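Engineer: Pasting a structure below so you can have a look.
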Amino acid sequence: MAAYDVVVEIPKGSRNKYEVDHETGRVYLDRVLFTSFVYPTDYGFFEKTLADDGDPVDALLLLEFPTFPGVGVKVRPVGVFKMSDEAGKDEKVLVVPAKDPRWAHIQDISDVDEQTKAEIAHFFERYKDLEPNKWVKAEGWGDAAEAEAIVQAGQAAYVPAGH
Numbered sequence: 021m022a023a024y025d026v027v028v029e030i031p032k033g034s035r036n037k038y039e040v041d042h043e044t045g046r047v048y049l050d051r052v053l054f055t056s057f058v059y060p061t062d063y064g065f066f067e068k069t070l071a072d073d074g075d076p077v078d079a080l081l082l083l084e085f086p087t088f089p090g091v092g093v094k095v096r097p098v099g100v101f102k103m104s105d106e107a108g109k110d111e112k113v114l115v116v117p118a119k120d121p122r123w124a125h126i127q128d129i130s131d132v133d134e135q136t137k138a139e140i141a142h143f144f145e146r147y148k149d150l151e152p153n154k155w156v157k158a159e160g161w162g163d164a165a166e167a168e169a170i171v172q173a174g175q176a177a178y179v180p181a182g183h
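Residues in the sequence shown are numbered consecutively from 21, following this note's numbering.
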């Protein structure tokens, strides 16, 4: 399994939803979540990818401690949380640090404990509940091969600015 570059936008435990401006690299506060929920993992995106929603491919990074917006991490995909929202398909690729021995035992979604998967699913099923005209439909988990295929499709769809 290849290693990929992910940029963290939102640290684990935050209610602030940050987004990176892909032209300037500046991190902006997009909004504070309307619910009392906090992100269950670090949340970010795969560099040089384009997903079906027009944004880079989303990443959920399993780490022991949160990082901060703008941090780059080399990762391995281990699964994907499949969901859709008011804007369409919105998959979240679950990743672990590529070279951290504490995560070496997690190679596929079946290696991730059920509680962690349940917390992630619960967050994404409910985090937009109080936002007008927004909704989420959870569609289950996919394995590492499906996750890597999503990242590779995102890389293939990416066109550098100015080309």
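All residues carry an ideal CB built from backbone N, CA and C; glycine is no exception.
Every value quoted in this text rests on a predicted model; they were computed, and no experiment measured them.
Hey, is the stretch 22-32 in contact with the stretch 65-79, meaning 3+ C-beta pairs nearer than 8 Å?
Structural biologist: yes
Engineer: Is D163 helix, strand or coil when you go by DSSP?
Structural biologist: coil
Engineer: Determine, using beta-carbon pairs with one atom in the stretch 169-179 and one in the stretch 121-139, whether at least three such pairs fall under 8 Å.
Structural biologist: With a cut-off of 8 Å, the stretch 121-139 and the stretch 169-179 do not count as touching, because too few Cβ pairs lie within range.
Engineer: Could you check what DSSP says for A124 in three-state terms: helix, strand or coil?
Structural biologist: coil
Engineer: Out of curiosity, what's the CA-to-CA distance linking P117 and L82?
Structural biologist: 8 Å
Engineer: Within 8 Å, do at least three Cβ pairs link the stretch 143-157 to the stretch 46-57?
Structural biologist: yes
Engineer: Identify the continuous beta strand (DSSP E) that holds D79 and give its terminal residues.
Structural biologist: A small correction: the amino acid at residue 79 is Ala; Asp does not occupy that position in the sequence shown. Per DSSP, A79 belongs to the beta strand (DSSP E) from D78 to L81.
Engineer: If you follow the alpha helix (DSSP H) that R146 is in, where does it begin and where does it stop?
Structural biologist: Here the alpha helix (DSSP H) through R146 covers E134 to R146.
Engineer: So, is V179 buried or exposed, given that buried needs 16 or more other C-beta atoms within 10 angstroms?
Structural biologist: exposed
Engineer: Would you tell me roughly how many angstroms separate the C-alpha atoms of D120 and V100, rounded to the nearest one?
Structural biologist: 20 Å
Engineer: Over the uninterrupted beta strand (DSSP E) stretch that includes P60, give me the two end residues.
Structural biologist: Segment: none, P60 is in no beta strand (DSSP E) and carries neither H nor E.
Engineer: Buried or exposed, going by whether 16 or more other CB atoms sit within 10 Å of the CB of E151?
Structural biologist: exposed
Engineer: DSSP on V179, reduced to helix/strand/coil?
Structural biologist: coil
Engineer: Taking only three categories from DSSP, how would you classify G174?
Structural biologist: G174: helix per DSSP, three-state reduction.
Engineer: I need the straight-line Cα distance from D128 to D163, nearest angstrom please.
Structural biologist: 6 Å
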